[in-house]
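Peer 1: Just so we're aligned: the sequence shown equals residues -22 to -1, 1 to 628 in mature numbering (1 follows the signal peptide of the UniProt record, and there is no 0). We put the beta carbon where it would ideally sit given N, CA and C, even for glycine. Quick caveat: nothing in here was measured; it's all calculated off a predicted structure.
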Amino acid sequence: MRKRLLIILACGLLASAGCTTAVEQRTFSEDGKTAVAYQETLLETQNKQTEQIAAQATGGTLDNPVVIVNPYGLSPLSALIQFDTETAEPVTVIVKGKQPQTDLTWTYEPSTSHCLPIIGLYPEQKTTVQLIVDDMVKELEIEGQALPENAFMAEVTIEHQNPQPNQLIFTTPSSTGYATGYDSQGEIRWILNVMMLWDLNLLEDGRITLSTNRLLDSPYYTTGFLTMDLLGHIDAEYSVPGGYHHDLDQLPNGNFLIASDDFSGSTVEDVIVEVDRQTGTIVKSFDLKTILPQDQGKSLNWTAKDWFHNNSVDYNPAQNTLTVSGRHQDAVAVIDYDTQELIAIIGSPDGWPEEMQQYFLTPTGENFEWQWAQHAATWLDDRHIMMFDNGMYRSKTEENAVAAEDNYSRLVVYEVDLEARTIRQVKEYGKERGYAYYSPYISDVDFLGNDQWLVTSGGISWLDGKINNMPGSLTTYDQMEAYVTLIEGSQEQFEIKIPANIYRAEMIDVSKTTMTPLESGRLLGSLGVTAYQTEDDLESKLKFSEAQPIDGELAAKLTLTQEQDRLMVTATLNKHDNLDLILAKQEEVRIYPVQTDTQPGMCVAVFNQPKSPDVATLIQTVSAEGLDGTWHVYYRFNKQLIDARQIYRN
């Protein structure tokens, strides 16, 4: 026994001294390697700009104020005006429109030091701005900057007979373009020049929400969302492990309810999370795969990966429910917020098994129709729910599918009695406009009060004079359109037409917005720890000493950048290629497969790259969380190990 123990110890000492070649002795040299290029985020850049703006915006007087146009570089039709007064005075600012009804007015609280953000300048032309202090009026002429490319002018198709003061229609892009604000003359009075997506919400504190401009995963999942103001100043950036898409709702406690994902699984657009407003941490999560069957109630748009396609989230405080909209099941699901139990499904019961029929409602009343491929499902109170009924196919079977030229989209409002399990249609608009108002995807509805409704048919496209039955991003078209229609009762009061597809539209009184330009923005939340493989998941260990240096052809297909909270590889590959990003250091190796089965962006195609059918541009994000230290970067491209000759430090 003693002899055997001595032999084992001796073998161990020989191995540690390098007397065996069974295991590769790994050493990683930094010689000749470069650091991964660092890219500032908008938030980092803005926090630096805030210091510079604060230094510039000082010493002005009412007679000679300091004017900084587009101070943060994101909002070309905005400006910051600074001046001091000897006594604390309120200030009224009027940005003059081309017509009196398009003036924009703000009144600011009394102060001796005034730093006044404004929007509403006209692009590349002088705009009159009046500053009113006590009985003094100072008139300025301020020129807005040029519009970015792909800014779309609106055509007024129905003149507004009674426009309300300070109201703009804000749209967010789908096919291309930018978040944009139009006045009642169809003039652009606000626009961003950076891509920010999804629903533009006005929060209770007067800020707005939009997505970040940072893509987390293809085709359109962003790292999270922003709270910001119309000047372009970011108050907070919220990072979310599963990213953000489609919709956001603010809860009564101030937190945010957002549509998200779980990238560790094989499905998308079926997770909803509650995000703490103050910290960005996730305090509650809903996985729809545990609430609804994935393979039932299939619409003709259904895929195994995108089985539900959640496109809206809505919290109803009167019911304490979460309501989600599944385009690919033609279903609006009502869920108990505390127990996460399914309460009801609003939609056709066709295609659902017997055990699910208990969740469906019985239609009552006349002229009832179910909705199909719906968007923007929102409760008005504890009994009435509105949504945009896209109407795509109006059937779950190909035999009964309605052709685009025979179809229509509409605003629909249902009265729902969850106790009696009944549903009644109480309002609709759009059916009478036929196929010319037909949007097979995206779109929006909003209730403005006093029986006024804003209806957005945002996804219309045509080819050779014929209406398309597919989202423009997934088919061929020669013309795109979107209508934003204001109705009162059933009467059209105002409408604009935009020569592009838009995701949603909101009508906002800009005097109720808050702009806080000289505060530092905050990065909240986290991207979490990105799932990875180890060498234990491989058939054999990686032989780094045999790695080939990256060649020019492959280097041209791959871009690696570092941001404050992540490492990101952008790859343009043939769809049959296989690529892994590999991070290695002496004691650890992490392997991140780059997905090549991505789908084109349907609801938002602004990130889609022009390409042949066999080529895709892909994004792989690796969170910085849990990646402390120095890592050497490698790729495994079609099974060949490649040394990127780069170092990632975190």
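Please report the straight-line C-alpha distance between Glu513 and Ala237, rounded to a whole angstrom.
Peer 2: Position 535 of the sequence shown, counted from the first residue, corresponds to residue 513. Position 259 of the sequence shown, counted from the first residue, corresponds to residue 237. Looking at the two C-alpha atoms, the distance is approximately 34 Å.
Peer 1: Pairs of beta-carbons, one from the region 468 to 478 and one from the region 502 to 516, closer than 8 Å: are there three or more?
Peer 2: In short, these stretches do not touch, since the Cβ pair count stays below three.
Peer 1: Are the CB atoms of Asp207 and Arg185 nearer to each other than 7 Å?
Peer 2: To locate residue 207, count along the sequence shown from 1; it is residue 229. To locate residue 185, count along the sequence shown from 1; it is residue 207. Their beta carbons are under 7 Å apart, which means Asp207 touches Arg185 by this criterion.
Peer 1: At the level of alpha carbons, what is the spacing between Ala57 and Thr90?
Peer 2: Indexing the sequence shown from 1 puts residue 57 at position 79. Indexing the sequence shown from 1 puts residue 90 at position 112. Straight-line Cα distance between these residues: approximately 20 Å.
Peer 1: Distance check for Val111 and Leu40, CA to CA, integer angstroms please.
Peer 2: Taking the first residue of the sequence shown as position 1, residue 40 is located at position 62. Taking the first residue of the sequence shown as position 1, residue 111 is located at position 133. Between Leu40 and Val111, the C-alpha separation is close to 9 Å.
Peer 1: Of the residues Thr299, His306 and Leu194, which one's Cα is nearest the Cα of Thr356?
Peer 2: Within the sequence shown, numbered from 1, the residue matching residue 356 stands at position 378. The candidate whose alpha carbon is nearest that of Thr356 is Thr299.
Peer 1: Can you name, in chain order, every residue of its own chain whose Cβ lies under 6 Å from the Cβ of Thr599, other than the five neighbours on each side?
Peer 2: Numbered from 1 along the sequence shown, position 621 holds the residue referred to as residue 599. Within the same chain, Thr599 has close Cβ partners Leu194, Arg544 and Met546.
Peer 1: For Glu64, which residues of its own chain have a beta-carbon under 8 Å away from its beta-carbon, when the five flanking residues on both sides are left out?
Peer 2: Here the question's residue 64 lines up with position 86 in the sequence shown. Within the same chain, Glu64 has close Cβ partners Thr90.
Peer 1: For Glu406, which residues from the same chain have a beta carbon less than 7 Å from its beta carbon, with the 5 sequence-adjacent residues on both sides left out?
Peer 2: The residue you call residue 406 lines up with position 428 of the sequence shown. Within the same chain, Glu406 has close Cβ partners Arg388, Leu389 and Val390.
Peer 1: If you count every other CB in all the chains shown that lies within 10 Å of the CB of Tyr16, and 16 or more means buried, which is it?
Peer 2: As a working note, residue 16 is residue 38 in the sequence shown. The residue is exposed, with fewer than 16 neighbouring Cβ atoms inside 10 Å.
Peer 1: As a quick exercise: from Glu383, Glu67 and Tyr156, pick the residue whose alpha carbon is nearest that of Met114.
Peer 2: Translated into the one-based positions of the sequence shown, residue 114 becomes position 136. Cα-wise, what sits closest to Met114 is Glu67.
Peer 1: By Cβ distance, which residues of its chain are closer than 8 Å to Lys119, with the 5 residues on each side in sequence left out?
Peer 2: For the purposes of this step, residue 119 is identified with residue 141 of the sequence shown, where counting begins at 1. This sequence places Glu at residue 119; Lys is not what is there. Once the five neighbours on either side are set aside, the close Cβ partners of Glu119 are Lys104, Thr105, Thr106 and Val107.
Peer 1: Give me the residue from Asp487, Leu464, Thr454 and Lys535 with the minimum Cα distance to Ile136.
Peer 2: On the sequence shown, position 158 is the one that residue 136 refers to. Among Asp487, Leu464, Thr454 and Lys535, the Cα nearest to that of Ile136 belongs to Leu464.
Peer 1: May I ask which residues mark the beginning and end of the beta strand (DSSP E) holding Thr135?
Peer 2: Counted from its first residue, the sequence shown places residue 135 at position 157. Looking at the DSSP string, the run of the beta strand (DSSP E) that includes Thr135 is Glu133 to Ile136.
Peer 1: Count the other C-beta atoms from every protein chain shown that fall within 10 angstroms of the C-beta of Met364, then say buried if there are 16 or more, exposed otherwise.
Peer 2: Here residue 364 refers to the residue found at position 386 of the sequence shown. With 16 or more other Cβ atoms within 10 Å, it is buried.
Peer 1: At which residues does the alpha helix (DSSP H) containing Leu532 begin and terminate?
Peer 2: In the sequence shown, residue 532 corresponds to position 554, counting from 1. Where Leu532 is concerned, the enclosing alpha helix (DSSP H) stretches over Gly530 to Lys535.
Peer 1: Give me the Cα-Cα distance between Pro49 and Ala35, rounded to the nearest whole angstrom.
Peer 2: Taking the sequence shown and counting its residues from 1, one reaches residue 49 at position 71. Taking the sequence shown and counting its residues from 1, one reaches residue 35 at position 57. Cα-Cα distance, rounded: 10 Å.
Peer 1: Using the rule of at least 16 other Cβ atoms within 10 Å of the residue's Cβ for burial, across every protein chain shown, is Asp316 buried or exposed?
Peer 2: To locate residue 316, count along the sequence shown from 1; it is residue 338. Asp316 is exposed by the Cβ-count criterion.
Peer 1: Which of helix, strand or coil does DSSP assign to Asp239?
Peer 2: Taking the sequence shown and counting its residues from 1, one reaches residue 239 at position 261. Coil, per DSSP.
Peer 1: Report the rounded CA-to-CA distance for residue 699 versus Thr268, giving the unit in angstroms.
Peer 2: A question about residue 699 goes unanswered here, because the residues of the chain that appear run from -22 up to 628.
Peer 1: Counting along the chain, where does the beta strand (DSSP E) carrying Gln34 start and finish?
Peer 2: Translated into positions along the sequence shown, residue 34 becomes position 56. Where Gln34 is concerned, there is no enclosing beta strand (DSSP E), although the alpha helix (DSSP H) it sits in stretches over Leu20 to Gln34.
Peer 1: Please classify Arg192 as buried or exposed, where buried requires at least 16 other C-beta atoms within 10 Å of its C-beta.
Peer 2: Indexing the sequence shown from 1 puts residue 192 at position 214. The residue is buried, with at least 16 neighbouring Cβ atoms inside 10 Å.
Peer 1: Rank Asp367, Gln27, Gly220 and Gln430 by C-alpha distance to the C-alpha of Asn140 and give the top, closest one.
Peer 2: Residue 140 sits at position 162 when you count from the first residue of the sequence shown. Of Asp367, Gln27, Gly220 and Gln430, the residue nearest in Cα terms is Gln430.
Peer 1: With H, G and I counted as helix, E and B as strand and the rest as coil, what does DSSP make of Pro230?
Peer 2: The residue you call residue 230 lines up with position 252 of the sequence shown. Note: Pro230 maps to coil in three-state DSSP.
Peer 1: Can you find the residues in the same chain that come closer than 7 Å, C-beta to C-beta, to Glu133, ignoring five residues on each side of it along the sequence?
Peer 2: On the sequence shown, position 155 is the one that residue 133 refers to. Counting only Cβ-Cβ distances below 7 Å, and skipping sequence neighbours, we find Gly164, Ile474 and Lys475.
Peer 1: Going by other Cβ atoms of all chains shown within 10 Å of its Cβ, with 16 needed for buried, is Ser244 buried or exposed?
Peer 2: On the sequence shown, residue 244 is found 266 positions in, with the first residue counted as 1. Counting Cβ neighbours within 10 Å, Ser244 comes out exposed, since fewer than 16 surround it.
Peer 1: Within 10 angstroms of the Cβ of Gln24, are there 16 or more other Cβ atoms? Answer buried if so, exposed if not.
Peer 2: Locating residue 24 in the sequence shown gives position 46, counting from the first residue. Gln24 should be labelled buried.
Peer 1: Would you mind stating whether Tyr461 and Ser439 have Cβ atoms separated by less than 7 Å?
Peer 2: In the sequence shown, counting from the first residue as 1, residue 461 sits at position 483. In the sequence shown, counting from the first residue as 1, residue 439 sits at position 461. No, the pair does not count as a contact, with Cβ atoms beyond the cut-off.
Peer 1: DSSP three-state label for Tyr419, please.
Peer 2: Your numbering for residue 419 matches position 441 in the sequence shown. In this structure, Tyr419 counts as coil in the three-state DSSP scheme.
Peer 1: With H, G and I counted as helix, E and B as strand and the rest as coil, what does DSSP make of Tyr407?
Peer 2: Stepping through the sequence shown from its first residue, residue 407 is reached at position 429. Reduced to three states, the DSSP call for Tyr407 is strand.
Peer 1: List the endpoints of the continuous beta strand (DSSP E) containing Cys581.
Peer 2: Position 603 of the sequence shown, counting from 1, holds the residue named residue 581. Counting along the chain, Cys581 falls outside any beta strand (DSSP E), and DSSP gives it neither H nor E.
Peer 1: Can you list the beta strand (DSSP E) stretches of 3 or more residues lying completely in the region 101 to 165, in chain order?
Peer 2: Qualifying beta strand (DSSP E) stretches, in chain order: 104 to 111, 114 to 121, 133 to 136, 145 to 151 and 158 to 160.
Peer 1: From the DSSP output, read off the bridge partner residues of Asn288.
Peer 2: Sequence index remark: in the sequence shown, residue 288 carries index 310 (1-based). Paired residue(s): Gly304.
Peer 1: Taking the C-alpha atoms as reference points, what is the distance between Val47 and Glu102?
Peer 2: In the sequence shown, the residue the question calls residue 47 occupies position 69. In the sequence shown, the residue the question calls residue 102 occupies position 124. Going by the C-alpha atoms only, they are around 12 Å apart.
Peer 1: The beta strand (DSSP E) that contains Gln624, what's its start and end?
Peer 2: Translated into the one-based positions of the sequence shown, residue 624 becomes position 646. Element bounds for Gln624: Gln618 to Arg627.
Peer 1: Quick check: what's the CA-CA separation for Trp168 versus Leu55?
Peer 2: In the sequence shown, counting from the first residue as 1, residue 168 sits at position 190. In the sequence shown, counting from the first residue as 1, residue 55 sits at position 77. In a straight line, the C-alpha of Trp168 is about 6 Å away from that of Leu55.
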